[in-house]
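Here the structure is laid out as structure tokens; the discussion comes afterwards.
Numbering (mature numbering (1 follows the signal peptide of the UniProt record, and there is no 0)), first residue to last: -20 to -1, 1 to 310.
Pasting the structure below:
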């Protein structure tokens, strides 16, 4: 009896080991760097949470260019990593190619859509979260002028700006919104000096709240706003703590959940392909309020954001998505 019990325990242990071995997670970041305090770092935090909860390690890679990204994705798949998460629209064609080459491997792409049965595409309604922080910007502005500094000039970042502009105008109809993009290549995600220069230019024009949607470039935006005693708005990760009392809020985009859920679902044999679109209703985007910025948020501002969230969920407020027609309503 004792021997049988020991045999059963041994078999159970082997089964658990085999199950864990089936999950060999990998993560390929966008080109802004792992610790950008923003988009990539949110992905890293999701992977770290999974590792802490399960004890299952993951491998990651920081590409510095588009070619490296595709090489990393293919390399992970060929070495048996599963699932492979790629965070950035930049890896769209790479995932399309590699997912076809490795049909038994599960892939996840964030911020783009790849129509393959073994690919989960996670996209966000950035316009909704940006609308919420736009309301706060409009209400907080004393000059009636606010700014936006984007990273790479692509429709996705225009989507952030357009949502922000709609929210600011909902709060203050005659508000002026300045906007600048940092560049047209992947280098635009990692240029805090240029981000700071663009921010100073907007401040010189009268902007007193500046929203950054620019990866690590945004760190220069937040720093310059703080140095000039103006307000800023962070993005993707909660950046309120970087300059407490200067960062009005952060448009949090739950990239961490995309990574964590991909690993967890694979581990639990619940992985599904297809598109997941996460907005305010799904708690995929929102405006961060915590001890670092609550002194900047008046009860009226909080009430306005709460009402906007409820209206978006109810469908009575529909925030225009720039990417549907490459235009922003005025």
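Note that CB positions come from ideal geometry on N, CA and C, so glycine has one too.
- Measuring C-alpha to C-alpha distances from residue 182 to each of 211, 39, 278 identifies 211 as the nearest.
- Taking every protein chain shown into account, the CB of residue 128 has 16 or more other CB atoms within 10 angstroms, so this residue is buried.
- Considered as a whole, the segment 58 to 113 harbours 72 to 81 as its complete alpha helix (DSSP H) runs of no fewer than 4 residues, in chain order.
- The three-state secondary structure of residue 219, taken from DSSP, is coil.
- A residue is called buried when at least 16 other Cβ atoms come within 10 angstroms of its Cβ; residue 10 meets this threshold and is buried.
- Beta-bridge analysis with DSSP links residue 128 to 159, 191.
- DSSP places residue 39 in the strand class (E or B) of the three-state scheme.
- In the structure shown, the three-state DSSP call for residue 175 is helix.
- For residue 136, the uninterrupted alpha helix (DSSP H) segment begins and ends at 135 to 151.
- In this structure, residue 227 and residue 273 form a Cβ contact; the two beta carbons are roughly 6 Å apart against a cut-off of 8 Å.
- Using a 10 angstroms sphere on the CB of residue 209, the tally of other CB atoms stays under 16, which defines it as exposed.
- Nearest to residue 282 by C-alpha distance, out of 119, 97, 265, 255, is 119.
- Around the beta carbon of residue 286, a 10 Å sphere encloses fewer than 16 other beta carbons of the protein chains shown; the residue is thus reported as exposed.
- Secondary structure note for residue 266: its beta strand (DSSP E) is the uninterrupted segment 265 to 267.
- When beta bridges are read from the DSSP output, residue 121 appears opposite no residue.
- Judged by beta-carbon spacing, residue 250 lies beyond the 8 Å limit of residue 34, meaning their Cβ atoms are not closer than that value.
- For residue 225, the closest C-alpha among the options 92, 269, 15, 253 is that of 269.
- For residue 185, the three-state secondary structure derived from DSSP is coil.
- Secondary-structure assignment with DSSP links residue 287 through no beta bridge to anything.
- Between residue 145 and the set 198, 113, 69, the nearest pair of CA atoms involves 113.
- In this structure, residue 90 and residue 67 form a Cβ contact; the two beta carbons are roughly 4 Å apart against a cut-off of 8 Å.
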